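S.K.: Here this note's numbering is used: the first residue of the sequence shown is 1496, the next is one more, and so on.
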Amino acid sequence: MGIILAIVVFSFIVFIHELGHFLLAKKNGIRVSEFSIGMGPRILSKEVGETRYSIKVLPLGGSCMMGEDDVDDLSEGSFHSKSIGARIAVIAAGPIFNFLLAFLLAIVLRSAIGIDLPIIGEVVKDSPAQQAGLESGDRIIRLNHERIHIFRDILLFNQLNAGEVVEITFERAGEEHQISVQPEKLEDGQYLMGIIASENKQGNLLQNIKYGAYEVVYGITSNLKGMKLLITGQVGVEEVSGPVGIADMINDAYEQSKPAGAKIVALTMINLIILFSSALGVMNLLPIPALDGGRICFLVIEKIRGKRIPPEKEGVVHTIGFALLITLMIVVMFNDIRQIFF
1496 MGIILAIVVF SFIVFIHELG HFLLAKKNGI RVSEFSIGMG PRILSKEVGE TRYSIKVLPL
1556 GGSCMMGEDD VDDLSEGSFH SKSIGARIAV IAAGPIFNFL LAFLLAIVLR SAIGIDLPII
1616 GEVVKDSPAQ QAGLESGDRI IRLNHERIHI FRDILLFNQL NAGEVVEITF ERAGEEHQIS
1676 VQPEKLEDGQ YLMGIIASEN KQGNLLQNIK YGAYEVVYGI TSNLKGMKLL ITGQVGVEEV
1736 SGPVGIADMI NDAYEQSKPA GAKIVALTMI NLIILFSSAL GVMNLLPIPA LDGGRICFLV
1796 IEKIRGKRIP PEKEGVVHTI GFALLITLMI VVMFNDIRQI FF
């Protein structure tokens, strides 16, 4: 069941991404030759107008074929016959739909389990936080100069700044205070400040929308910071998860939440969809050839130059980028399989 859920979650996120491309392409009068769910050979297919709608044998991902790689086609209704603004909108729509999906589900999640406020519920006895003067009920506003919106912002900050002295700005009884805390290193190598989150508070509709937005910002920010660590070499490729690792993560989450009942399983899956949908949106907006962000970069350059980059040169760049992405995916998949099974 966990593996089935992993396939459903992954396919749903990719479907929403491709749906964004599809709807904006149709809105801008761009021909879509095929819109498909899954990969590989077709098992069900129906042609409606100029578009073939297909379900394919491998229930992973999907595609929206609109001729963006056919750089020589300038006929009426082709992708490259449209304005730069229209093409950017169509390309950007995939990641934007991922963020919209994450936002809508975050509102549902916050409505169900309450708001994740950055308020201290408990201070661990004799911890650095207690020694610095933090108390239960204090609301964390900033860590160093970084604004804090939800309690997980604190956890992420502590992970990414392990062992560093932290200047904490907090609110108590309506007044702001500042202290410095030196996290304590534990035997397992982790660093402890010594604060525990308060229980979630049930919010009204506006608060759920507000904190739903913070949830998406957290997902985007954590992914960007993780990529920064990867680029700077602070995190190795072996620590990056691909489809196999994600499937294993979803399966583990299902097994852990199953004893608590169907509602908890559903909320757990919603939380994972928010995380993965935000990650897919961020990944696709990176300025890497063959990804949406890379295509947008070429369109921006075209706008600045006032003319197209030679199609054959753009095609070569995207082909190289695609080959590098496939290579990275194979490496990541190999690491996933090795960690899970060996």
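Glycine included, every Cβ here is placed at the ideal spot set by N, Cα and C. Since the structure is predicted, the reported quantities are computational estimates derived from the model, not experimental observations.
Check glycine 1557 in the structure and name its three-state DSSP category.
M.R.: In this structure, glycine 1557 counts as strand in the three-state DSSP scheme.
S.K.: On a Cα-Cα basis, can you pick out the residue from Thr1546, Leu1786, Asn1830 and Arg1800 that is closest to alanine 1588?
M.R.: Leu1786
S.K.: Mind listing, in chain order, the continuous alpha helix (DSSP H) runs of no fewer than 4 residues lying wholly within the stretch 1689-1774?
M.R.: 1700-1726 and 1738-1752
S.K.: Looking at isoleucine 1674: is its Cβ nearer than 8 angstroms to the Cβ of glycine 1628?
M.R.: yes
S.K.: Applying the criterion that 16 or more other CB atoms from any shown protein chain within 10 Å of the CB defines a buried residue, is glycine 1714 buried or exposed?
M.R.: Around the Cβ of glycine 1714, a 10 Å sphere holds 16 or more other Cβ atoms; the residue is buried.
S.K.: Excluding the 5 residues flanking serine 1528 on each side, which residues of the same chain have their C-beta closer than 6 angstroms to its C-beta?
M.R.: Cβ neighbours of serine 1528 beyond the five flanking positions: Met1560.
S.K.: Could you tell me the distance, in whole angstroms, from the CA atom of alanine 1742 to the CA atom of glycine 1658?
M.R.: 32 angstroms
S.K.: Quick one: give me the first and last residue of the alpha helix (DSSP H) that glutamate 1630 is part of.
M.R.: Neither: glutamate 1630 is in no alpha helix (DSSP H) and is coded neither H nor E.
S.K.: Report, in whole angstroms, the separation of the C-beta atoms of proline 1623 and glutamate 1679, which I expect to be a contact under 8 angstroms.
M.R.: 5 angstroms
S.K.: Quick one: what does DSSP say glutamate 1670 is sitting in, helix, strand or coil?
M.R.: strand
S.K.: Kindly confirm or deny that the stretch 1601-1616 and the stretch 1774-1783 touch, where touching means at least three C-beta pairs closer than 8 angstroms.
M.R.: no
S.K.: For serine 1631, count neighbouring C-beta atoms within 10 Å of its own C-beta (all shown protein chains included) and say buried if the count is 16 or more, exposed if not.
M.R.: exposed
S.K.: Do you know offhand how far leucine 1638's Cα is from glutamine 1685's?
M.R.: For leucine 1638 and glutamine 1685, the distance between alpha carbons rounds to 18 angstroms.
S.K.: DSSP state of glutamate 1807, grouped into three classes?
M.R.: DSSP, read as helix, strand or coil, puts glutamate 1807 in helix.
S.K.: When you compare the CB positions of glycine 1515 and glycine 1572, do they come within less than 8 angstroms of one another, or not?
M.R.: no
S.K.: Keeping to the same chain, check which residues put their C-beta closer than 8 angstroms to that of glycine 1535; ignore five residues upstream and five downstream.
M.R.: Lys1551, Val1552 and Leu1553
S.K.: Nearest by alpha-carbon distance to leucine 1650: which of His1672, Ile1614 and Arg1833 is it?
M.R.: Ile1614
S.K.: Tell me the DSSP bridge mates of glycine 1537?
M.R.: Going by the sequence as given, residue 1537 is arginine instead of glycine. Beta-bridge pairing links arginine 1537 to Lys1551.
S.K.: Identify every residue that forms a DSSP beta bridge with valine 1661.
M.R.: Val1676
S.K.: Among all the DSSP beta bridges, which residues are the ones paired with leucine 1569?
M.R.: DSSP output for leucine 1569 lists no bridge partner at all.
S.K.: Straight-line CA distance for lysine 1522 to phenylalanine 1574?
M.R.: Cα-Cα distance, rounded: 12 angstroms.
S.K.: Within the continuous beta strand (DSSP E) that includes glutamate 1617, where are the two ends?
M.R.: 1615-1618
S.K.: What do you get for threonine 1727, buried or exposed, if any count of 16 or more other CB atoms within 10 angstroms of its CB means buried?
M.R.: With fewer than 16 Cβ atoms within 10 Å of its Cβ, threonine 1727 is classed as exposed.
S.K.: Tell me which same chain residues have a C-beta within less than 8 angstroms of the C-beta of serine 1506, skipping the five on either side of it?
M.R.: Ile1532, Gly1533, Pro1554, Leu1555, Gly1556 and Gly1557
S.K.: Which residues in the same chain have their Cβ closer than 6 angstroms to the Cβ of isoleucine 1511, if we skip the five residues on either side of it in sequence?
M.R.: Only Phe1592 and Leu1596 meet the Cβ criterion.
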